[in-house]
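Protein chains in written order, with this note's numbering: chain A, 1 to 126; chain B, 1 to 489.
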Amino acid sequence: MSKIVEGLYYSESHEYVKVEGNFGFIGITDYAQKELGNVVYVDMPEVDDEVAAEEEFGAVESVKAASDLLSPVSGTVVEVNEALEDEPGLINKDAFENWIIKVELSDKAELDNLMNAEAYKAFIGE
Amino acid sequence: MNNVYYGKLIFELSKEGRRGYSLPENKLNNYKLADMPEALMRQRELDLPQVDELTVVRHYTNMSNNNFGVDTGFYPLGSCTMKYNPKINEEMCHHYAFTRLHPLQNENTVQGALKLYYELQNMLSELSGLSEFTLNPFAGAHGELTGLMVMRTYHASRGDNKRTKVIIPDSAHGTNPASAAVCGLDVVVVKSRPDGTVDVEDLKPLLNDEIAGMMMTNPNTLGIFEHNIAEIASLVHEAGGLMYYDGANLNPMLGMCRPGDLGFDIMHINLHKTFSTPHGGGGPGDGPVGVRAGLEDFLPNPHVVKDGDRYTLTFNDKSLGSVSGFVGNYGVIMRAYAYIRTIGKENMRMVGPLAVLNANYIKESLKDCFELPIGGVCKHEFVFDGLKDKSTGVTTLDVAKRLLDYGFHAPTIYFPLLFHEALMIEPTENESKETLDGFIEVMRTIAREAKEQPDMVKSAPHTTPVRRLDDTQAALHPVVNYAELKLEN
């Protein structure tokens, strides 16, 4: 049973956004980290890079596979989680605590296209 | 096998002062190391193992006995076509008349070698329904890059420079987008339908005048024949793009169905898959590229042609340029030639059907124990999505590891990414019914073990020279030489 956090927004490609004011913390879900297995590398954008909804902004590499990261929302990267550079396995320890990028949202209306916790739970069939 | 003493690293067998050689007396006088410039001097001792000849021979012989290959056992590695490499291929390519040639020799003295090269070009053209082949690229992905360069050169020759995108299905081999990126093309992904084939409706809106072409395998990565291929090819052609065929899955088509007849314009062939030359371990391979009529001029230089009774290398101004030193991996080209000539045209027609029969036989015999996400008749390979009964938590990785205990090479796992527990099996046409039955029996045994003794399966392998390796540490913290290992300890 995967952990799902209430109050976050979820995409079909298993990223989440945690919104605080005009900012969104983007990471992959607990379900995604379980499916991937041990994460060995996280390819992240740089601060000030633009990300667009449903576009690739990086990749997560595990012992099983490399998967593109698709941004659930559009905006400008204001921070990347540098702790993941040295310890990518943090994502396996707690995927929701260890977000990947912090983005200044350019269009909050995009959040309406995403799933809530309940819908995501149904989506992954748990 | 697996002798504990000789199972050590060669460095660990080292004894100070031990030698496996004796050098002749140094007769050079007036030679002082001190006269060498400081910058050229080593700062520390060379850390080589000090061992006698017998120790070296035993060490490497014992280690080589731990190898697993097609010559040792069944190797159903999906997508890789690990077919048997007939020994006559080796005999032919080791003939001194060929091994002693030099690539810069005068053409008049290598007419036989060029003739063989020319004839293989023509055989591949006939088998694939295309007009002309180059044998120059060194491997499959190198062939993909070469093929895409043909595509770019073709568009550039027409002054059409805005075609910078290439369409690739989401089930494609990872080399496809990688080759496109190296060629400077942007990748546009087209989705698959639930049955694993390309979604034509998803493709239509992606087509426009920025599309250089589309890359496909057929049958696709799931071993399913793309039955809409004619429609897909005509849509891409109408949009001005070219169709590229990734020859990785050519084996089931061999002698039955030709990419050129399906509407493909450019393709590569993995000689090391379809034409029985050795592979694994990084090469050498060879990835010939074929093109339809009208694209021949863009093939790489040099090209082997026949001029009257004479074979010669030509250089074309319209060519994309050179992609390799000289003309490909000649030893590999010779093996493929020997394979085709040995099998002959008539028997070649049986390669595809037998590869397909073997794959379907295994699939049907195991689908009650393993989850088959896409039913129906497959081609040369198929994908299970893990065990049917997943209640004990035994994963595809565990099944693959347990197979090693039974002396089989594991299938491809966790690819393609469309399924979470992918297990991809390709038996090839060479295997006897007894071998296939043996594999089926072992797979059924493992499925039973997964229910009855899940912990034993989860900790497999138990009988191999090394047990389960730490994939995470190997990726995060690889220790690849002895100096690093010493630092670790």
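From the three backbone atoms N, C-alpha and C, an ideal C-beta is built for every residue, glycine too.
Cβ-heavy atom distance, residue i to the ligand SAH, below 7 angstroms
i                : result
His227 (chain B) : This structure does not include the ligand SAH; it has no bound ligands of any sort.
is_contact[residue i, chain A] using C-beta, thresh 8 angstroms
i                : result
His173 (chain B) : no
Met1 (chain B)   : Reliability fails at Met1 (chain B), whose pLDDT of 41 lies under 50, so the model's placement of it is uncertain and no value is given.
Thr472 (chain B) : yes
Ala233 (chain B) : no
Leu476 (chain B) : yes
Leu417 (chain B) : yes
Ala293 (chain B) : no
Leu487 (chain B) : no
Tyr414 (chain B) : yes
Strand pairing of residue i, partner residues [DSSP]
i                : result
Ser62 (chain A)  : A:Val39
Ser67 (chain A)  : A:Val60
Ile167 (chain B) : B:Val188, B:Met214
Ile28 (chain A)  : A:Glu15
Met115 (chain A) : A:Tyr10
Met243 (chain B) : B:Met214
Gly75 (chain A)  : A:Val51, A:Leu105
Phe23 (chain A)  : A:Glu20, A:Glu104
Val80 (chain A)  : A:Ile101
Short CB-CB distance (under 8 angstroms) between residue i and chain B
i                : result
Ser11 (chain A)  : no
Ala122 (chain A) : no
Under 9 angstroms, CB to CB, which of the residues in the region 34-52 of chain A have a partner in chain B? Glu35, Gly37, Asn38, Val39, Val40, Tyr41
Under 9 angstroms (Cβ pairs) to chain B, residues found in the region 53-64 of chain A: Glu61, Ser62, Val63, Lys64
Curious, which full-length alpha helix (DSSP H) runs of at least 4 residues does the region 178-206 of chain B contain? 200-203
Could you tell me which whole beta strand (DSSP E) segments of length 3 or greater appear in the region 262-322 of chain B? 266-268, 289-291, 303-307, 310-314
Would you call the region 357-373 of chain B in contact with the region 436-451 of chain B, where contact means no fewer than 3 C-beta pairs closer than 8 angstroms? yes
Any residues in the region 416-437 of chain B with a beta carbon nearer than 7 angstroms to a beta carbon of chain A? Which ones, in chain order? Leu417, His420
Could you tell me which whole beta strand (DSSP E) segments of length 3 or greater appear in the region 366-453 of chain B? 382-385, 422-425
Which whole runs of the alpha helix (DSSP H) in the region 75-138 of chain B are 4 residues long or more, in chain order? 87-93, 96-99, 111-128
Is the region 410-423 of chain B touching the region 252-259 of chain B in the sense that three or more CB pairs, one from each, lie closer than 8 angstroms? no
Per the contact definition of three or more C-beta pairs closer than 8 angstroms, is the region 39-47 of chain A in contact with the region 21-41 of chain B? no
Segment contact flag, the region 298-315 of chain B with the region 104-117 of chain B, C-beta cutoff 8 angstroms, min 3 pairs: yes
Hey, is the region 121-132 of chain B in contact with the region 148-157 of chain B, meaning 3+ C-beta pairs nearer than 8 angstroms? no
Three-pair Cβ contact test at 8 angstroms for the region 95-109 of chain A versus the region 16-26 of chain A: yes
Does the structure place the region 481-488 of chain B close enough to the region 395-404 of chain B that three or more beta carbon pairs sit under 8 angstroms? no
Any 3 or more C-beta pairs closer than 8 angstroms across the region 326-342 of chain B and the region 85-93 of chain B: yes
Any contact between the region 280-295 of chain B and the region 380-390 of chain B? By contact I mean 3 or more CB pairs, one from each, below 8 angstroms. no
When you compare the region 205-218 of chain B with the region 351-358 of chain B, are there three or more beta-carbon pairs, one atom per stretch, that lie closer than 8 angstroms? no
Check whether the region 386-396 of chain B touches the region 39-46 of chain B, counting contact only when three or more Cβ pairs, one atom from each stretch, lie closer than 8 angstroms. no
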